[in-house]
Amino acid sequence: MRIAAITMVYRDYWALAQWYRHYAAQLGAANLYIVSHGSDPKISELCPGSSVITIPRESFDGFDRERSEMLNAFQLALLKVYDWVLRTDADELICWDPQRYDGLADVFAQNAEFPVLTALGMDLVAMSPSTVGEPFQDVRDAGFSGHYSKAFALRIPAGLNLHGVKVAPRNLQRFPFHMPKGLFLVHLKYANREALFDANTVRHQVATSKGIGLPGTAWKEAYAETENFFETFENKELLPWDDAEEQAHAFFSDKPSRIERYSVIKTRVRKWPYRTVLPNWFATL
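The letter at position 86 of the sequence shown is residue 86 when you use my numbering, and the numbering goes up by one with no holes.
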(Lines of atoms letter the chains of each structure in order from A and count residues from 1; the text may use other names and numbers.)
(Lines give C-alpha, C1' and ligand atoms only; values in the text may rest on other atoms or scores of the structure.)
Protein backbone atom coordinates (compact mmCIF):
# COMPACT_ATOMS: atom_id res chain seq x y z
CA MET A 1 0.00 0.00 0.00
CA ARG A 2 1.36 3.42 -1.00
CA ILE A 3 0.55 6.36 1.28
CA ALA A 4 1.50 10.02 0.87
CA ALA A 5 1.17 13.01 3.19
CA ILE A 6 0.74 16.67 2.22
CA THR A 7 0.95 19.90 4.16
CA MET A 8 1.28 23.59 3.36
CA VAL A 9 3.36 25.92 5.48
CA TYR A 10 4.79 29.39 5.88
CA ARG A 11 7.61 29.36 8.42
CA ASP A 12 6.04 27.72 11.53
CA TYR A 13 9.29 25.79 11.85
CA TRP A 14 8.61 24.19 15.22
CA ALA A 15 5.34 22.65 14.06
CA LEU A 16 6.80 21.59 10.72
CA ALA A 17 9.65 19.78 12.47
CA GLN A 18 7.09 17.80 14.49
CA TRP A 19 5.07 17.05 11.34
CA TYR A 20 8.12 15.84 9.41
CA ARG A 21 9.48 13.67 12.20
CA HIS A 22 6.10 12.03 12.80
CA TYR A 23 5.16 11.25 9.20
CA ALA A 24 8.65 10.48 7.91
CA ALA A 25 8.94 7.75 10.54
CA GLN A 26 5.70 6.15 9.33
CA LEU A 27 5.61 6.81 5.59
CA GLY A 28 9.21 7.59 4.61
CA ALA A 29 10.46 11.08 3.80
CA ALA A 30 10.18 10.45 0.04
CA ASN A 31 6.39 10.24 0.41
CA LEU A 32 6.02 13.62 2.10
CA TYR A 33 5.00 16.68 0.06
CA ILE A 34 5.37 20.14 1.57
CA VAL A 35 3.90 23.17 -0.17
CA SER A 36 5.95 26.20 0.84
CA HIS A 37 4.05 29.48 0.68
CA GLY A 38 7.00 31.50 -0.54
CA SER A 39 10.61 30.49 -1.06
CA ASP A 40 12.26 29.24 2.13
CA PRO A 41 15.43 27.11 2.03
CA LYS A 42 15.05 26.27 5.71
CA ILE A 43 12.14 23.95 4.91
CA SER A 44 14.37 21.61 2.93
CA GLU A 45 16.90 21.70 5.77
CA LEU A 46 14.24 20.71 8.31
CA CYS A 47 12.69 18.06 6.05
CA PRO A 48 15.48 16.21 4.18
CA GLY A 49 14.34 13.77 1.53
CA SER A 50 10.85 15.24 1.21
CA SER A 51 9.47 17.02 -1.85
CA VAL A 52 9.16 20.78 -1.32
CA ILE A 53 6.95 22.67 -3.78
CA THR A 54 7.27 26.45 -3.66
CA ILE A 55 4.38 28.71 -4.63
CA PRO A 56 4.43 32.53 -4.77
CA ARG A 57 3.56 34.55 -1.67
CA GLU A 58 2.36 37.74 -3.32
CA SER A 59 -1.36 38.15 -2.61
CA PHE A 60 -3.74 36.89 0.06
CA ASP A 61 -6.94 37.52 -1.90
CA GLY A 62 -9.26 34.54 -1.46
CA PHE A 63 -6.58 32.91 0.69
CA ASP A 64 -8.57 30.04 2.22
CA ARG A 65 -10.55 29.22 -0.92
CA GLU A 66 -7.57 29.26 -3.27
CA ARG A 67 -5.41 27.27 -0.87
CA SER A 68 -8.13 24.63 -0.52
CA GLU A 69 -8.66 24.34 -4.28
CA MET A 70 -4.94 24.06 -4.96
CA LEU A 71 -4.33 21.41 -2.31
CA ASN A 72 -7.37 19.41 -3.44
CA ALA A 73 -6.04 19.41 -7.00
CA PHE A 74 -2.61 18.28 -5.80
CA GLN A 75 -4.15 15.58 -3.63
CA LEU A 76 -6.18 14.35 -6.59
CA ALA A 77 -3.04 14.16 -8.74
CA LEU A 78 -1.19 12.15 -6.09
CA LEU A 79 -4.03 9.63 -6.00
CA LYS A 80 -2.93 8.60 -9.49
CA VAL A 81 0.14 6.99 -7.91
CA TYR A 82 -0.84 6.50 -4.24
CA ASP A 83 -3.54 4.37 -2.64
CA TRP A 84 -4.22 6.90 0.12
CA VAL A 85 -3.29 10.57 0.43
CA LEU A 86 -3.26 12.14 3.88
CA ARG A 87 -3.49 15.91 4.30
CA THR A 88 -3.14 17.96 7.46
CA ASP A 89 -1.92 21.35 8.53
CA ALA A 90 1.69 21.45 9.68
CA ASP A 91 0.57 21.57 13.32
CA GLU A 92 -1.60 18.43 13.09
CA LEU A 93 -0.45 14.87 13.78
CA ILE A 94 -2.53 11.77 13.10
CA CYS A 95 -2.03 9.40 16.04
CA TRP A 96 -3.37 5.94 16.81
CA ASP A 97 -3.93 3.68 19.77
CA PRO A 98 -1.17 1.02 19.54
CA GLN A 99 -3.54 -1.54 21.04
CA ARG A 100 -5.70 -1.16 17.91
CA TYR A 101 -3.17 -0.38 15.16
CA ASP A 102 0.46 -1.19 14.38
CA GLY A 103 1.00 2.15 12.65
CA LEU A 104 -0.45 4.44 9.99
CA ALA A 105 -0.34 1.79 7.28
CA ASP A 106 -2.37 -0.51 9.52
CA VAL A 107 -4.92 2.27 10.10
CA PHE A 108 -5.59 2.40 6.37
CA ALA A 109 -5.47 -1.37 5.95
CA GLN A 110 -8.10 -1.90 8.64
CA ASN A 111 -10.37 0.79 7.19
CA ALA A 112 -9.81 0.10 3.50
CA GLU A 113 -13.53 -0.23 2.70
CA PHE A 114 -14.16 3.44 3.51
CA PRO A 115 -13.40 6.18 0.96
CA VAL A 116 -12.55 8.91 3.49
CA LEU A 117 -11.33 8.78 7.08
CA THR A 118 -12.10 11.30 9.82
CA ALA A 119 -10.09 11.42 13.06
CA LEU A 120 -11.27 12.40 16.52
CA GLY A 121 -9.63 15.77 17.10
CA MET A 122 -7.99 17.24 20.16
CA ASP A 123 -5.95 20.26 21.21
CA LEU A 124 -2.66 19.50 22.97
CA VAL A 125 -2.12 22.27 25.50
CA ALA A 126 0.83 23.75 27.38
CA MET A 127 -1.03 24.65 30.56
CA SER A 128 1.26 27.54 31.54
CA PRO A 129 4.06 29.63 29.99
CA SER A 130 6.52 27.53 31.98
CA THR A 131 5.27 24.32 30.35
CA VAL A 132 7.91 23.50 27.74
CA GLY A 133 9.25 20.36 26.13
CA GLU A 134 8.29 17.68 23.67
CA PRO A 135 4.69 16.95 22.71
CA PHE A 136 3.39 13.76 24.36
CA GLN A 137 6.37 13.52 26.73
CA ASP A 138 6.39 16.86 28.53
CA VAL A 139 3.13 18.34 27.21
CA ARG A 140 0.21 15.96 27.79
CA ASP A 141 -2.86 18.02 28.72
CA ALA A 142 -5.50 17.81 26.01
CA GLY A 143 -9.10 18.57 25.17
CA PHE A 144 -11.20 16.86 22.50
CA SER A 145 -12.53 19.16 19.79
CA GLY A 146 -15.27 18.92 17.20
CA HIS A 147 -13.61 21.65 15.16
CA TYR A 148 -10.46 19.55 14.77
CA SER A 149 -12.26 16.25 14.24
CA LYS A 150 -11.43 16.52 10.57
CA ALA A 151 -11.53 14.44 7.43
CA PHE A 152 -7.83 13.93 6.80
CA ALA A 153 -7.28 11.17 4.22
CA LEU A 154 -8.98 9.79 1.16
CA ARG A 155 -8.54 7.11 -1.45
CA ILE A 156 -11.07 8.42 -4.01
CA PRO A 157 -11.24 11.60 -6.12
CA ALA A 158 -12.95 13.99 -3.70
CA GLY A 159 -12.10 17.29 -2.07
CA LEU A 160 -11.42 18.15 1.55
CA ASN A 161 -13.37 21.25 2.48
CA LEU A 162 -14.49 22.99 5.69
CA HIS A 163 -12.82 20.21 7.73
CA GLY A 164 -15.01 17.66 5.96
CA VAL A 165 -15.34 16.10 2.52
CA LYS A 166 -17.09 17.64 -0.47
CA VAL A 167 -19.14 15.19 -2.55
CA ALA A 168 -21.59 15.30 -5.43
CA PRO A 169 -24.94 16.70 -4.22
CA ARG A 170 -26.73 13.48 -5.17
CA ASN A 171 -24.47 11.54 -2.78
CA LEU A 172 -24.64 13.92 0.18
CA GLN A 173 -27.13 11.97 2.30
CA ARG A 174 -25.69 8.51 1.64
CA PHE A 175 -21.94 9.13 1.58
CA PRO A 176 -20.32 7.24 4.50
CA PHE A 177 -18.94 9.19 7.44
CA HIS A 178 -16.35 7.13 9.30
CA MET A 179 -14.43 8.08 12.44
CA PRO A 180 -12.54 4.93 13.53
CA LYS A 181 -12.06 4.34 17.22
CA GLY A 182 -8.51 4.79 18.44
CA LEU A 183 -7.61 7.34 15.74
CA PHE A 184 -6.81 10.93 16.67
CA LEU A 185 -5.88 14.24 15.09
CA VAL A 186 -3.67 16.05 17.60
CA HIS A 187 -3.59 19.81 17.08
CA LEU A 188 -0.30 21.31 18.29
CA LYS A 189 -1.17 25.01 18.05
CA TYR A 190 -1.35 25.44 21.83
CA ALA A 191 1.40 22.97 22.74
CA ASN A 192 4.27 25.47 22.47
CA ARG A 193 3.50 29.01 23.64
CA GLU A 194 6.62 30.57 22.14
CA ALA A 195 5.90 29.09 18.70
CA LEU A 196 2.25 30.12 19.08
CA PHE A 197 3.22 33.76 19.60
CA ASP A 198 5.30 33.70 16.40
CA ALA A 199 2.48 32.02 14.45
CA ASN A 200 -0.09 34.51 15.75
CA THR A 201 2.08 37.37 14.52
CA VAL A 202 1.97 35.93 11.00
CA ARG A 203 -1.78 35.22 11.20
CA HIS A 204 -2.52 38.77 12.31
CA GLN A 205 -0.37 40.23 9.53
CA VAL A 206 -2.14 38.16 6.87
CA ALA A 207 -5.65 38.87 8.17
CA THR A 208 -5.05 42.63 8.39
CA SER A 209 -3.32 42.98 5.01
CA LYS A 210 -5.05 44.53 2.00
CA GLY A 211 -7.20 42.27 -0.13
CA ILE A 212 -10.52 40.45 -0.38
CA GLY A 213 -11.44 37.01 0.90
CA LEU A 214 -8.81 37.10 3.65
CA PRO A 215 -8.86 34.77 6.68
CA GLY A 216 -11.49 35.82 9.22
CA THR A 217 -11.79 36.80 12.85
CA ALA A 218 -9.76 33.92 14.30
CA TRP A 219 -6.67 35.21 12.45
CA LYS A 220 -7.41 38.93 12.79
CA GLU A 221 -7.91 38.62 16.55
CA ALA A 222 -5.36 35.85 17.06
CA TYR A 223 -3.91 37.19 20.32
CA ALA A 224 -7.30 37.65 22.02
CA GLU A 225 -8.47 34.26 20.77
CA THR A 226 -5.41 32.63 22.29
CA GLU A 227 -5.92 34.22 25.71
CA ASN A 228 -9.58 33.18 25.70
CA PHE A 229 -8.68 29.61 24.74
CA PHE A 230 -6.23 29.13 27.62
CA GLU A 231 -8.62 30.65 30.16
CA THR A 232 -11.49 28.45 29.01
CA PHE A 233 -9.34 25.32 28.89
CA GLU A 234 -8.02 25.75 32.43
CA ASN A 235 -11.58 25.93 33.76
CA LYS A 236 -12.71 22.68 32.15
CA GLU A 237 -13.43 19.64 34.30
CA LEU A 238 -10.70 16.98 34.23
CA LEU A 239 -11.70 13.48 33.11
CA PRO A 240 -9.51 10.34 33.07
CA TRP A 241 -8.34 9.44 29.57
CA ASP A 242 -10.40 6.27 29.15
CA ASP A 243 -13.63 8.02 30.11
CA ALA A 244 -12.85 11.11 28.06
CA GLU A 245 -11.96 9.16 24.91
CA GLU A 246 -15.04 6.94 25.06
CA GLN A 247 -17.42 9.82 25.70
CA ALA A 248 -15.81 12.12 23.13
CA HIS A 249 -15.89 9.53 20.38
CA ALA A 250 -19.57 8.81 20.99
CA PHE A 251 -20.29 12.55 21.13
CA PHE A 252 -18.46 13.64 17.98
CA SER A 253 -18.95 10.58 15.74
CA ASP A 254 -22.74 10.73 16.07
CA LYS A 255 -24.92 12.36 13.41
CA PRO A 256 -22.43 14.24 11.21
CA SER A 257 -23.43 17.48 9.53
CA ARG A 258 -24.49 17.10 5.90
CA ILE A 259 -24.46 20.66 4.62
CA GLU A 260 -26.51 21.05 1.45
CA ARG A 261 -25.24 24.56 0.69
CA TYR A 262 -21.68 23.27 0.21
CA SER A 263 -22.40 19.57 -0.32
CA VAL A 264 -20.02 18.80 2.54
CA ILE A 265 -20.09 16.05 5.17
CA LYS A 266 -18.26 16.85 8.39
CA THR A 267 -18.19 16.38 12.14
CA ARG A 268 -20.71 18.51 13.95
CA VAL A 269 -18.93 21.30 15.80
CA ARG A 270 -20.09 21.12 19.39
CA LYS A 271 -18.40 22.28 22.57
CA TRP A 272 -16.78 19.65 24.79
CA PRO A 273 -16.68 20.73 28.46
CA TYR A 274 -13.83 18.48 29.64
CA ARG A 275 -10.07 18.15 29.47
CA THR A 276 -7.87 15.12 30.02
CA VAL A 277 -4.25 13.94 30.21
CA LEU A 278 -2.81 11.78 27.45
CA PRO A 279 -1.65 8.26 28.35
CA ASN A 280 2.06 7.46 28.19
CA TRP A 281 1.78 5.47 24.96
CA PHE A 282 1.42 8.66 22.89
CA ALA A 283 5.14 9.28 23.49
CA THR A 284 5.98 5.96 21.79
CA LEU A 285 4.40 6.86 18.43
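Glycine is no exception: its CB is placed at the ideal position from the N, C-alpha and C atoms.
Treat the numbers as computed from the prediction; the structure is a model and nothing was measured.
At the level of alpha carbons, what is the spacing between Asp-97 and Ala-142? Counting from one through the sequence shown, the residue named residue 97 turns up at place 97. Counting from one through the sequence shown, the residue named residue 142 turns up at place 142. The alpha-carbon atoms of Asp-97 and Ala-142 are separated by roughly 16 Å.
Helix, strand or coil at Ile-43 according to DSSP, with G and I counted as helix: One-based indexing of the sequence shown puts residue 43 at position 43. Reduced to three states, the DSSP call for Ile-43 is helix.
Per DSSP, Thr-54 is paired with what? For this step, residue 54 is matched to residue 54 along the sequence shown. Bridge partners of Thr-54 according to DSSP: Ser-36.
Residue from Ser-263, Ser-44, Arg-2 whose Cα sits closest to the Cα of Val-167: Counting from 1 along the sequence shown, the entry for residue 167 is found at position 167. By alpha-carbon distance to Val-167, the top candidate from Ser-263, Ser-44, Arg-2 is Ser-263.
Does DSSP put Phe-184 in a helix, in a strand, or in coil? As a working note, residue 184 is residue 184 in the sequence shown. Here Phe-184 sits in strand by DSSP.
On the DSSP bridge list, what partners appear for Glu-237? On the sequence shown, residue 237 is found 237 positions in, with the first residue counted as 1. Looking at the DSSP assignment, Glu-237 forms a beta bridge with Tyr-274.
Straight-line Cα distance separating Gln-99 from Lys-181: Position 181 of the sequence shown, counted from the first residue, corresponds to residue 181. Position 99 of the sequence shown, counted from the first residue, corresponds to residue 99. For Lys-181 and Gln-99, the distance between alpha carbons rounds to 11 Å.
Over what stretch of residues does the beta strand (DSSP E) that includes Asp-123 continue unbroken? Taking the first residue of the sequence shown as position 1, residue 123 is located at position 123. Counting along the chain, the beta strand (DSSP E) containing Asp-123 begins and ends at 120-125.
Helix, strand or coil for Glu-134? Go by DSSP, reduced to three states. The sequence position of residue 134 within the sequence shown is 134, counting from 1. It is coil, neither helix nor strand.
Report back the beta-carbon spacing between Ala-119 and Met-179 to the nearest angstrom; my notes put them in contact at under 8 Å. Here residue 119 is taken as the residue at index 119 of the sequence shown, counted from 1. Here residue 179 is taken as the residue at index 179 of the sequence shown, counted from 1. Confirmed, about 7 Å.
Tell me the residue span of the alpha helix (DSSP H) that contains Phe-108. Taking the first residue of the sequence shown as 1, we reach residue 108 at position 108. Note, Phe-108: alpha helix (DSSP H), 104-110.
Taking DSSP as the reference, what is the three-state secondary structure of Arg-155? Position 155 of the sequence shown, counted from the first residue, corresponds to residue 155. Looking at Arg-155 - three-state DSSP - the assignment turns out to be coil, as it is neither helix nor strand.
Measure how close the beta-carbons of Ser-286 and Val-52 come, nearest whole angstrom, since I'm counting them as under 8 Å. Residue 286 lies beyond the residue range present for the chain, which begins at 1 and ends at 285; the question has no answer from this structure.
So, do the segment 128-137 and the segment 147-163 have three or more beta carbon pairs nearer to each other than 8 Å? The segment 128-137 makes no contact with the segment 147-163, as fewer than three CB pairs between them are under 8 Å.
How is Asn-243 classed by DSSP in three states: helix, strand or coil? Along the sequence shown, read from residue 1 onward, the residue named residue 243 stands at position 243. Sequence check: residue 243 is Asp here, not Asn. Asp-243: helix per DSSP, three-state reduction.
Rounded C-alpha distance that separates Lys-255 from Pro-41: Residue mapping note: residue 255 aligns to position 255 of the sequence shown, counting from 1. Residue mapping note: residue 41 aligns to position 41 of the sequence shown, counting from 1. For Lys-255 and Pro-41, the distance between alpha carbons rounds to 44 Å.
With DSSP as the reference, label Ala-283 as helix, strand or coil. Mapped onto the sequence shown, residue 283 falls at position 283. Here Ala-283 sits in helix by DSSP.
Span of the beta strand (DSSP E) around Arg-258: Your numbering for residue 258 matches position 258 in the sequence shown. Unbroken beta strand (DSSP E) run through Arg-258: 257-259.
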